[in-house]
Amino acid sequence: MIITVLSGKGGTGKTTVATNLALSLANTQLLDADVEEPNSAIFINAEFSDRSEAVIKTNPVIEQSKCIACRQCVEFCQYNALALLGKQLLVFPEICHSCGGCIMVCPTAALTEGEREIGRIRADQSNRNPEFWQGELNIGEETAVPVIVQLKQHRAEDKTVIIDAQPGSSCPTIAAALDSDFCLLVTEPTPFGLNDLKMAVEMVKELGIPAGIIINRSEEEYDYLIAEYAQSEGLALLLKIPFDREIAFLYSKGIPFTENQPEWRAKFRQLYANIEGVVQNAADNRN
Amino acid sequence: MQQITVISGKGGTGKTTVVANLAALAEQAVLADCDVDAPNLHLLLKPRTSRERVFKGGKLAVKQEEQCKHCGRCLAVCRFAAITDDYRINPFKCEGCGVCVYICPTKALELQEEETGTIYTSQSLYGPMIHAKLKTGADNSGKLVSAVRKEAEQSAAETGRGLLLIDGSPGIGCPVIASLNGVDLALIVTEPTRSGCSDLKRILAVAGHFSIPALVVINKDDLNQAISLEIEGHCQKGKWPVIGRIPFDPLVNQALHVGQLLVESYPESKPGRAIKDIWAKLSNF
Chain H
1 MIITVLSGKG
11 GTGKTTVATN
21 LALSLANTQL
31 LDADVEEPNS
41 AIFINAEFSD
51 RSEAVIKTNP
61 VIEQSKCIAC
71 RQCVEFCQYN
81 ALALLGKQLL
91 VFPEICHSCG
101 GCIMVCPTAA
111 LTEGEREIGR
121 IRADQSNRNP
131 EFWQGELNIG
141 EETAVPVIVQ
151 LKQHRAEDKT
161 VIIDAQPGSS
171 CPTIAAALDS
181 DFCLLVTEPT
191 PFGLNDLKMA
201 VEMVKELGIP
211 AGIIINRSEE
221 EYDYLIAEYA
231 QSEGLALLLK
241 IPFDREIAFL
251 YSKGIPFTEN
261 QPEWRAKFRQ
271 LYANIEGVVQ
281 NAADNRN
Chain B
288 MQQITVISGK
298 GGTGKTTVVA
308 NLAALAEQAV
318 LADCDVDAPN
328 LHLLLKPRTS
338 RERVFKGGKL
348 AVKQEEQCKH
358 CGRCLAVCRF
368 AAITDDYRIN
378 PFKCEGCGVC
388 VYICPTKALE
398 LQEEETGTIY
408 TSQSLYGPMI
418 HAKLKTGADN
428 SGKLVSAVRK
438 EAEQSAAETG
448 RGLLLIDGSP
458 GIGCPVIASL
468 NGVDLALIVT
478 EPTRSGCSDL
488 KRILAVAGHF
498 SIPALVVINK
508 DDLNQAISLE
518 IEGHCQKGKW
528 PVIGRIPFDP
538 LVNQALHVGQ
548 LLVESYPESK
558 PGRAIKDIWA
568 KLSNF
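Quick note, the sequences are listed as chains H and B, same order.
Going by the numbering used here, the first residue of the first sequence is number 1, and it counts up by one from there.
Going by the numbering used here, the first residue of the second sequence is number 288, and it counts up by one from there.
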């Protein structure tokens, strides 16, 4: 089972949910795919070694002496990653998508494929549960997707995989959610939370992945905002985590709250059981 | 014209609340919501939209089924695993590069312009506001951010307003870089949590990488004093001024629920005064 934890809005509690869920279950693997700002490691207390795996992106390298300034590569590139300044060909590797098209169209073989590191993948060495991996995008790099794709190649076949995704509903979030069995949408009962939840719901519907909702910072007087919407969309409201200064304080210190409030572990295990139910139902409906 | 981008690295630290309140204090600003992935500024400022236009910021490969001979060349060259084993195009994986179109011997494939979002030109109580919504799953959010900024700059020129206030998105990747590109100042809203501190360090490094001067505001300042001090220490070392501290106050959440601005409805509250103080310091930069 692969569960991706998502939210439209940032800071709603994805990492709180992902880490506490991973810690409450047995035989889990946690992947931090919020590669622009990875934080799960703080809560898992990950022990990284000096060794890490590079995420390599390819980009064109120019041999100016062979370039005849024909512009074919510049015109082919959909991302404006190449430009011709007089007779001088320039490449902007940060915005290159590594499609290889420019190399393909160059009539004089003036372009070859070079490599550049854009991020790293690290693994926790502690041997505790959950098994933990994180991706990290290097500073100044624009495209998080290749880091997420490479991180996901480390998915364990024999474990429950939990993926902590980036906020939003564009390419990096989708890259994290693709091929998941279930998406957990974490929101908060505020107008912002509701507005952004709608985008996340739209996204999982387009992807065709079953989903359910968690209200974080739940407050009885405001939860109706989310509950009514969830009902109108036919989505299960799976868990509420209260608006509680103690939980916020533990979060601030990087402590998963299930550690200090162990009664919550049973709730997260129940959450998992409910997810299995929803996934099973969705599979039955498909057949 | 001065351009200030409000960003945070970590999501949910209070960017939009800060931008909306600064907008009310500035009186002479043009506003741009560049968090095109999850725009929220309109929920607080409730602007009246006078114009909306479709933005085409990307392309997708599209196939004419009857011309496809299933030769498999497209599958072999696609670097994004966007072509399935039965030669269909997965629009979520396709990045619109055009390599498959180039290689196809029967011209079964073509690149089509794709609608990637909508841009809104609106009027708020505090000034013109340009905002946008990225289409779900669309690529190239950076392009939409740049388009929003361009329209906002035009609006500032037309209305003679001297300040462009930009609400940015969380993270450090393409939309953030697009919202920072060439601005005068980055105002970074952080929170005293381990995650907030870690993300702050990364976003400050990004600002540094692009040589954008950065100022820092600590929101929910009294949630964890120890980490607040740690943030301050880090900022001191890098000479990033911490120009404000907003206390952790239920009033902030309350105001958000009813769509009120702190500086208007509760100007003498602690968080209200804190934001007024930030504006006073900001106007001196």
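By construction, the Cβ of each residue, glycine as well, lies at the ideal position given by its N, Cα and C atoms.
Endpoints, the alpha helix (DSSP H) within which residue 470/B is located = Per DSSP, residue 470/B belongs to no alpha helix (DSSP H) and is neither H nor E.
ask   = Taking only runs of the beta strand (DSSP E) that begin and end inside the region 401-459 of chain B, which ones reach a length of at least 3 residues, in chain order?
value = Qualifying beta strand (DSSP E) stretches, in chain order: 414-421 and 450-454.
task = Mind listing the chain B neighbours of residue 290/H? Cutoff is C-beta to C-beta under 8 Å, in chain order.
result = Absent from the structure is residue 290/H, since the part of chain H shown begins at 1 and ends at 287.
message = Can you find the residues in the same chain that come closer than 7 Å, C-beta to C-beta, to residue 149/H, ignoring five residues on each side of it along the sequence?
response = Around residue 149/H: 175.
query = Which residues of chain H have a Cβ atom closer than 8 Å to the Cβ of residue 386/B, listed in chain order?
reply = Result: 99, 100, 101 and 104.
Nearest-angstrom Cα separation, counted from residue 485/B out to residue 435/B = Whole-angstrom Cα-Cα distance: 29 Å.
message = So, does the region 146-166 of chain H touch the region 74-87 of chain H, judging by three or more C-beta pairs under 8 Å?
response = No, because fewer than three Cβ pairs between the region 146-166 of chain H and the region 74-87 of chain H fall closer than 8 Å, the two stretches do not touch.
ask   = Measuring CA to CA, which of 536/B, 461/B, 544/B and 500/B is closest to residue 528/B?
value = The candidate whose alpha carbon is nearest that of residue 528/B is 500/B.
query = What does residue 139/H reach in chain B if we use C-beta pairs closer than 8 Å?
reply = Within chain B, the residues near residue 139/H are 459, 489, 492, 493 and 496.
ask   = Is the CB of residue 192/H under 8 Å away from at least one CB in chain B?
value = Chain B contact via Cβ: present.
message = Just checking: is the beta-carbon of residue 376/B within a distance shorter than 8 Å of some beta-carbon in chain H?
response = At a cut-off of 8 Å between C-beta atoms, residue 376/B does not count as an interface residue with respect to chain H.
message = Can you list, in chain order, the residues of its chain with a C-beta nearer than 6 Å to that of residue 465/B? Leave out the 5 residues immediately preceding and following it.
response = These residues qualify, in order along the chain: 429, 432 and 433.
inquiry  = Which runs of the alpha helix (DSSP H) at least 4 residues long sit entirely within the region 22-92 of chain H? Give them in chain order.
reply    = For the region 22-92 of chain H, whole alpha helix (DSSP H) runs of length 4 or above, ordered along the chain, are 40-44 and 72-76.
task = Check whether the Cβ of residue 523/B lies closer than 7 Å to any heavy atom of the ligand ADP, and answer yes or no.
result = With respect to the ligand ADP, the structure offers nothing, as it holds no ligand at all.
message = Within 8 Å, do at least three Cβ pairs link the region 200-210 of chain H to the region 257-274 of chain H?
response = No contact exists between the region 257-274 of chain H and the region 200-210 of chain H.
request  = Please state if the CB of residue 339/B and the CB of residue 413/B are separated by a distance shorter than 8 Å.
outcome  = Not closer than 8 Å, so no.
query = What is the DSSP secondary structure of residue 13/H, counted as helix, strand or coil?
reply = Coil, per DSSP.
query = If you run the structure through DSSP and keep just helix, strand and coil, what is residue 238/H?
reply = Three-state DSSP puts residue 238/H in a strand.
Closest Cα partner of residue 20/H within the set 257/H, 7/H and 284/H = The shortest CA-to-CA distance from residue 20/H to any of 257/H, 7/H and 284/H is the one to 257/H.
task = Anything in the region 73-91 of chain H with a Cβ closer than 9 Å to a Cβ of chain D? List those residues in chain order, please.
result = No chain D appears in the structure shown, which is made up of the protein chains H and B.
ask   = For residue 406/B, is the classification buried or exposed, using 16 other Cβ atoms within 10 angstroms of its Cβ as the cut-off for buried?
value = The residue in question, residue 406/B, is buried, as its Cβ has 16 or more Cβ neighbours within 10 Å.
query = At least one CB of chain B closer than 8 Å to the CB of residue 169/H: is that the case?
reply = Yes, its Cβ sits closer than 8 Å to a Cβ of chain B.
task = Pull up the CB-CB distance for residue 389/B and residue 105/H, whole angstroms please, since I reckon it's below 8 Å.
result = Confirmed, about 7 Å.
task = Kindly say whether residue 342/B, judged by its beta-carbon, lies nearer than 8 Å to any beta-carbon of chain H.
result = Between residue 342/B and chain H, the shortest Cβ-Cβ separation is not below 8 Å.
query = the region 325-357 of chain B: which residues have C-beta closer than 7 Å to a C-beta of chain H, in chain order?
reply = For the region 325-357 of chain B, which is checked against every Cβ of chain H, the residues closer than 7 Å are 325, 327, 330 and 346.
request  = Rounded to whole angstroms, what's the CA-CA distance from residue 535/B to residue 512/B? Just pull it up for me.
outcome  = Here the alpha carbon of residue 535/B sits roughly 11 Å from the alpha carbon of residue 512/B.
message = Runs of 4 residues minimum, wholly inside the region 144-207 of chain H: which ones carry the alpha helix (DSSP H) assignment?
response = Fully enclosed alpha helix (DSSP H) runs of 4 or longer: 145-152, 171-177 and 191-207.
request  = Determine the DSSP secondary structure at residue 268/H, reduced to helix, strand or coil.
outcome  = Under the three-state reduction of DSSP output, residue 268/H falls in the helix class.
Cβ-based contacts, 7 Å cut-off: residues of the region 13-47 of chain H near chain B = Here the close residues are 15, 36, 37, 39 and 42.
task = Within its chain, find whatever has a CB closer than 8 Å to the CB of residue 372/B; leave out the 5 residues flanking it on each side and keep chain order.
result = Residues of the same chain with a CB within less than 8 Å of the CB of residue 372/B, apart from the 5 flanking positions on each side, are 362 in chain order.
task = List the endpoints of the continuous alpha helix (DSSP H) containing residue 252/H.
result = Where residue 252/H is concerned, the enclosing alpha helix (DSSP H) stretches over 245-252.
key: Through-space distance from residue 107/H to residue 307/B, alpha-carbon basis   = Looking at the two C-alpha atoms, the distance is approximately 53 Å.
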